[in-house]
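These protein sequence lines are chains H and A, in that order. To convert, note that position 70 of the first sequence is 189 in this note's numbering; the numbers rise steadily by one, no gaps. To convert, note that position 436 of the second sequence is 794 in this note's numbering; the numbers rise steadily by one, no gaps. Positions of the beta carbon are idealized from the N, C-alpha and C atoms, including for glycine. So the structure is just underneath, and the comments pick up after that.
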Amino acid sequence: MAKRVLIVDDHQPFRAVARELLESAGYVVSGEAADAAEALAAVAADSQDAVLLDVQLPDRDGFAVATALAAADGPAVVLISSREADDYGLRVTACGARGFIPKSKLSAATLAALLE
Amino acid sequence: MASTVVAPPPRRGVIRDPVLLLPLTVAAGLAVGWLAVREQVSGPRIAADLALAWGLAAASLVVLERPRWRQAGWLLAATAFALLAADLEWATSHVLWTLGFVLAGLWAAFLVQLVLTFPEGRPWSGVARVAMVAAYAVTLGGQLVGALMAPDARDLLSVASHPTAAHTIDRAQEFAGAALAVTVLFLVLRRGRGLRGPTGRMQEPLLLAAATTAFAGLVWLGWVIAADGRVSTLETIARAVASTIPLGIVAGIGWSRLRRPQASELVVELRREAATTMRERLARALGDPTLDVAYRLPGARYVDADGRPLELPEGSERALTTITVGGEEIAVLIHDPALLDDPALVESVRATAALVLENERLAAEVRSQLAEVRRSRGRIVAAADAERRRIERNLHDGAQQRLVTLSLALGLEASRADAAAAQVLSRSQDEVEDAIAELRELARGIHPTLLRDDGLPPAVEALARRAPLPVTVENTVRDRLPEAVELAAYFVVSEALTNIAKHASATGASVLLEREPATVRVTVVDDGTGGARIKPESGLAGLRDRLEALDATLSITSEAGLGTTVCAEFPCGS
């Protein structure tokens, strides 16, 4: 069965490209969110297998959202950022996320590798 | 504010010359003495009154020499005459007797005012003012009312002889007098506790005398109240004890004179080359440890010798003496008002200290400007850092985001296009990827995100990981440091590692971050060829300004063949 993914990023053009990228590889994009509040609401309202979560959101940072989702036993979280994991240090592994993908390296293959 | 100008000695006419007080009181005293002998008053009583009156007159002459104390001087003289006037009750003339009766206690009220306003003529406190007014009400007011009903044929003011009422008034005066004595005793003791320096030296003998007199008065009144009548021996003793008040005033003046240097000694003291500051020398020379020097800077600002801002005090607690050079104010001495009692001394300080103080003023001005420059440099660096942070954020949120999206879109199109188009699209994507990587490096160099979010050690570890040679990091920094220190320390490590990679031919390097109670030390060591130095145009030379704005130091040790050590030390209390 196709995996359902929620895309969380405040940059609309990025969300559009990411959606097309994932859908062309057979993923189902269950929804899009532009900030942490929308993301948490979408997770509560719908069911997903994974959340593609930008680190830098306008209201809270992605680490806080990932920590909240992990604590609530929510869907797997994959962090994305236009920075590299090295720019965030230990917080990438400490927040309970499944993994980290630099945005420019985002593809169905890199995502699948983390979700398997 | 106390007087800042040393007044010339007042000119006086022959009639107003206070010295005339002396023959006047002597004559009045002898006249009263003759009355007393005729009335067969006891010898000790006459002696006590004359000693007190003449003592007061003599003290008034000494005190009137001091411009600041004129009121106290005239009060002393007035007390002497009021005391002799009270003794007119020994006169046979009805007019004189009535006058003596009405004025019987006025001298005591004068004494209360003298003590509670000494030396400057203003009451010490609100309670002191109330006590003074009460003293006049009890003595003058009480006697006037008493005179209206005194059962004595000589009383010209008597409206109706009323022995019971007159007795009641006497009792009321005795009780009120005792309460006043307690109040004065309390005020004097409290005053004595709060005094020090020249003011203390000058007032202590008077306060001691006043306390003793108040106590003697209390004993006398207490006895009168208990025995319900006059006790002449105790009254005589109380009056004799009161003569210690003029003695105390004169002793205070003499005591403070003895402890004070002469003007000539002061000149020697001030000219002596010493390791101490002018403030310390002046304080010692004038015997006033509370003395302060305020140097005047342009814009009517005042600073201390270290260039720190200073406010001139207001009110009479402190006196200000202005020091001028060529008509221009250069400094203000803030000191004990008691020093103004010796105008010659203050004048010689002005003359002697002016030039030295002018030098110190210039030094203080330079220190003040230096501190301002230091603060302003700190502000400039902080403003530049805020700007760096804003630029980094803009790069990340703007160009980088768009390039990332573009790169993904190109990749997506490449996967759908035919082989020839896919090749072009892939190459384009690679170019965009390179641009993103360069932009990321640029942003990191401007203001590293990890440093801002996680502090110095993680950011330095990230630098070590990205370095093209093995770099070990040792760290004892556990807390977050001030932002400016973190950023400067980070740039030192970053610049040192860049230099090692470029020039040192090293096989490895180590970074040491050390937290000590008052400092943070950052050391970067390599095992390369050495022989490095800080060149004027290098990145490390540029960092020096940033470090100096934080009072930090940067040093480099690099002997040929022995590797290079770069060390930065930041003052930073934990």
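Run of the alpha helix (DSSP H) containing residue i, from where it starts to where it stops
i, result
"A/LEU691", "That residue, A/LEU691, is in no alpha helix (DSSP H); its beta strand (DSSP E) goes 686 to 693."
"A/GLU799", "777 to 804"
"A/PRO381", "379 to 396"
"A/ASP646", "That residue, A/ASP646, is in no alpha helix (DSSP H); it is neither H nor E in DSSP."
"A/GLY484", "484 to 494"
"A/ARG760", "759 to 774"
"A/GLU906", "897 to 906"
"A/GLY458", "452 to 460"
"H/ARG232", "Contrary to the premise, residue 232 of chain H reads as Ala rather than Arg in this sequence. Run containing H/ALA232: 227 to 234, per the alpha helix (DSSP H) assignment."
"H/ALA189", "181 to 190"
"H/ARG210", "210 to 213"
"A/GLY500", "500 to 506"
"A/LEU469", "464 to 474"
First and last residue of the uninterrupted beta strand (DSSP E) at residue i
i, result
"A/VAL883", "877 to 884"
"H/VAL124", "123 to 127"
"A/THR923", "922 to 929"
"H/ALA169", "169 to 173"
"H/PRO221", "218 to 221"
"A/LEU912", "911 to 916"
"H/ALA195", "195 to 200"
"A/ARG659", "659 to 661"
Expected contact under 8 Å - CB spacing of residue i and residue j to nearest Å
i, j, result
"H/SER236", "A/ILE794", "Nothing can be reported for residue 236 of chain H: it is not among the residues displayed for chain H, which extend from 120 to 235."
"A/MET507", "A/ALA530", "That pair is no contact at about 13 Å."
"A/ALA842", "A/LEU908", "6 Å"
"A/THR456", "A/LEU515", "6 Å"
"H/ALA205", "H/PRO177", "The sequence shown places Asp at residue 205 of chain H, rather than the Ala named in the question. The pair is not a contact, with the Cβ atoms about 24 Å apart (cut-off 8 Å)."
"A/LEU562", "A/GLY610", "It is worth fixing the name first, because residue 562 of chain A is Glu in this sequence and not Leu. Going by Cβ atoms, the distance from A/GLU562 to A/GLY610 rounds to 7 Å, so yes, they are a contact pair."
"A/GLY327", "A/LEU564", "There is simply no residue 327 of chain A to check, as chain A begins at 359 and stops at 932 in what is shown."
"A/LEU566", "A/VAL577", "Not a contact, Cβ separation roughly 17 Å."
"A/LEU827", "A/THR865", "7 Å"
"A/ARG699", "A/ARG426", "Residue identity differs from the one stated: residue 699 of chain A is Asp in this sequence, not Arg. Confirmed, Cβ separation roughly 6 Å."
"A/ALA867", "A/VAL829", "5 Å"
**Prompt:** Does the count of Cβ pairs from the segment 486 to 499 of chain A and the segment 539 to 549 of chain A closer than 8 Å reach three?
**Reply:** Here the segment 486 to 499 of chain A makes contact with the segment 539 to 549 of chain A; the two share three or more CB pairs at distances below 8 Å.
**Asked** Name the residues in the segment 816 to 842 of chain A whose C-beta lies less than 9 Å from a C-beta of chain H; which are they?
**Response** Hits within the stretch, in order: PRO816, ALA817, GLU819, ALA820, ARG823, ARG824.
**Request:** Mind listing, in chain order, the continuous beta strand (DSSP E) runs of no fewer than 3 residues lying wholly within the segment 807 to 871 of chain A?
**Result:** Complete beta strand (DSSP E) runs here, min 3: 829 to 833.
**Message:** Under 8 Å, CB to CB, which of the residues in the segment 767 to 789 of chain A have a partner in chain H?
**Reply:** Listed by position, the residues of the segment 767 to 789 of chain A near chain H (Cβ gap below 8 Å) are ALA767, GLY769, LEU770, SER773, ARG774.
**Message:** Please list, in chain order, the residues of the segment 184 to 206 of chain H that have any C-beta partner in chain A closer than 8 Å.
**Reply:** Answer set for the segment 184 to 206 of chain H: SER201, ARG202, GLU203, ASP205, ASP206.
**alpha helix (DSSP H) segments (min. 4 residues) lying fully within the segment 400 to 450 of chain A** = Look at the segment 400 to 450 of chain A and you find these whole runs of alpha helix (DSSP H), each 4 residues long or longer: 401 to 422, 428 to 444.
**Asked** In the segment 725 to 749 of chain A, which residues sit with their C-beta less than 8 Å from some C-beta in chain H, listed in chain order?
**Response** Of all residues in the segment 725 to 749 of chain A, none comes within less than 8 Å of chain H when Cβ atoms are compared.
**Item:** Cβ contact (3+ pairs, closer than 8 Å) linking the segment 668 to 680 of chain A and the segment 596 to 604 of chain A
**Value:** Output reads no: the segment 596 to 604 of chain A does not touch the segment 668 to 680 of chain A.
**Asked** Taking contact to mean at least 3 C-beta pairs separated by less than 8 Å, is the segment 120 to 130 of chain H in contact with the segment 143 to 153 of chain H?
**Response** As far as the Cβ criterion goes, the segment 120 to 130 of chain H touches the segment 143 to 153 of chain H, which means the pair count is three or higher.
**Prompt:** Which residue spans inside the segment 515 to 597 of chain A form an unbroken alpha helix (DSSP H) run of at least 4?
**Reply:** Complete alpha helix (DSSP H) runs here, min 4: 521 to 551, 555 to 585.
**Asked** Which residues, in order along the segment 131 to 162 of chain H, keep a beta-carbon less than 8 Å from a beta-carbon of chain A?
**Response** PRO132, PHE133, VAL136, ALA137, GLU139, LEU140, SER143: these are the residues of the segment 131 to 162 of chain H whose beta carbon lies less than 8 Å from some beta carbon of chain A, given in chain order.
**Asked** Which residues, in order along the segment 206 to 218 of chain H, keep a beta-carbon less than 8 Å from a beta-carbon of chain A?
**Response** Residues passing the 8 Å Cβ filter: ASP206, TYR207, GLY208, LEU209, ARG210.
**Request:** Give a yes or no on contact between the segment 659 to 666 of chain A and the segment 714 to 728 of chain A, applying the rule of three or more CB pairs nearer than 8 Å.
**Result:** Counting Cβ pairs under 8 Å, three or more are found: they touch.
**Request:** Would you check if the segment 867 to 883 of chain A and the segment 922 to 930 of chain A touch, i.e. whether three or more CB-CB distances between them fall below 8 Å?
**Result:** Verdict: yes, contact present.
**Asked** Taking three-plus beta-carbon pairs below 8 Å as touching, is the segment 831 to 847 of chain A in contact with the segment 807 to 819 of chain A?
**Response** Yes, since at least three Cβ pairs between the segment 831 to 847 of chain A and the segment 807 to 819 of chain A fall closer than 8 Å, the two stretches touch.
**Any 3 or more C-beta pairs closer than 8 Å across the segment 841 to 851 of chain A and the segment 773 to 793 of chain A** = Between the segment 841 to 851 of chain A and the segment 773 to 793 of chain A, the count of C-beta pairs closer than 8 Å stays below three; the two stretches do not touch.
**Asked** In the segment 682 to 743 of chain A, which residue ranges form an unbroken beta strand (DSSP E) of at least 3 residues, counting only runs that do not cross its ends?
**Response** For the beta strand (DSSP E) assignment, the uninterrupted runs of no fewer than 3 residues enclosed by the segment 682 to 743 of chain A are, from N- to C-terminal side, 686 to 693.
**Asked** Looking at C-beta atoms only, is the number of pairs between the segment 902 to 914 of chain A and the segment 736 to 747 of chain A that lie closer than 8 Å three or more?
**Response** Judged by Cβ distances under 8 Å, the segment 902 to 914 of chain A makes contact with the segment 736 to 747 of chain A, as three or more pairs qualify.
**Asked** Should the segment 757 to 775 of chain A be called in touch with the segment 699 to 719 of chain A, which here means at least 3 C-beta pairs below 8 Å?
**Response** Flag = no, the segment 757 to 775 of chain A and the segment 699 to 719 of chain A do not touch.
**Item:** Positions along the segment 752 to 768 of chain A whose CB lies within less than 7 Å of some CB in chain H
**Value:** When CB distances to chain H are screened at a threshold of 7 Å, the residues of the segment 752 to 768 of chain A falling below it are HIS754, GLN758, GLN759, VAL762, THR763, SER765, LEU766, ALA767, in chain order.
**Prompt:** Along the chain, which unbroken stretches of the alpha helix (DSSP H) at least 4 residues long are found entirely within the segment 128 to 168 of chain H?
**Reply:** Contiguous alpha helix (DSSP H) elements confined to the segment 128 to 168 of chain H occur at 131 to 143, 155 to 164, taking only those with 4 or more residues.
**Request:** Pair every Cβ in the segment 155 to 165 of chain H with every Cβ in the segment 204 to 219 of chain H, then say whether three or more of these pairs are closer than 8 Å.
**Result:** Flag = no, the segment 155 to 165 of chain H and the segment 204 to 219 of chain H do not touch.
**Request:** Please list the residues of the segment 798 to 813 of chain A that have a C-beta atom closer than 9 Å to any C-beta atom in chain H, keeping them in chain order.
**Result:** Of all residues in the segment 798 to 813 of chain A, only ARG798, ALA801, ARG802, PRO806, THR807, LEU808, ASP811, ASP812 come within less than 9 Å of chain H when Cβ atoms are compared, listed by chain position.
**Item:** Three or more C-beta pairs below 8 Å linking the segment 224 to 233 of chain H and the segment 408 to 427 of chain A
**Value:** The answer is no - the segment 408 to 427 of chain A does not touch the segment 224 to 233 of chain H, with fewer than three Cβ pairs under 8 Å.
**Message:** Quick test of the definition: if touching needs 3 or more C-beta pairs under 8 Å, does the segment 384 to 391 of chain A touch the segment 399 to 413 of chain A?
**Reply:** As far as the Cβ criterion goes, the segment 384 to 391 of chain A touches the segment 399 to 413 of chain A, which means the pair count is three or higher.
**Request:** Scan the segment 841 to 869 of chain A for residues whose Cβ lies nearer than 8 Å to a Cβ of chain H and list them as they occur along the chain.
**Result:** Among the residues of the segment 841 to 869 of chain A, none has a Cβ less than 8 Å away from any Cβ of chain H.
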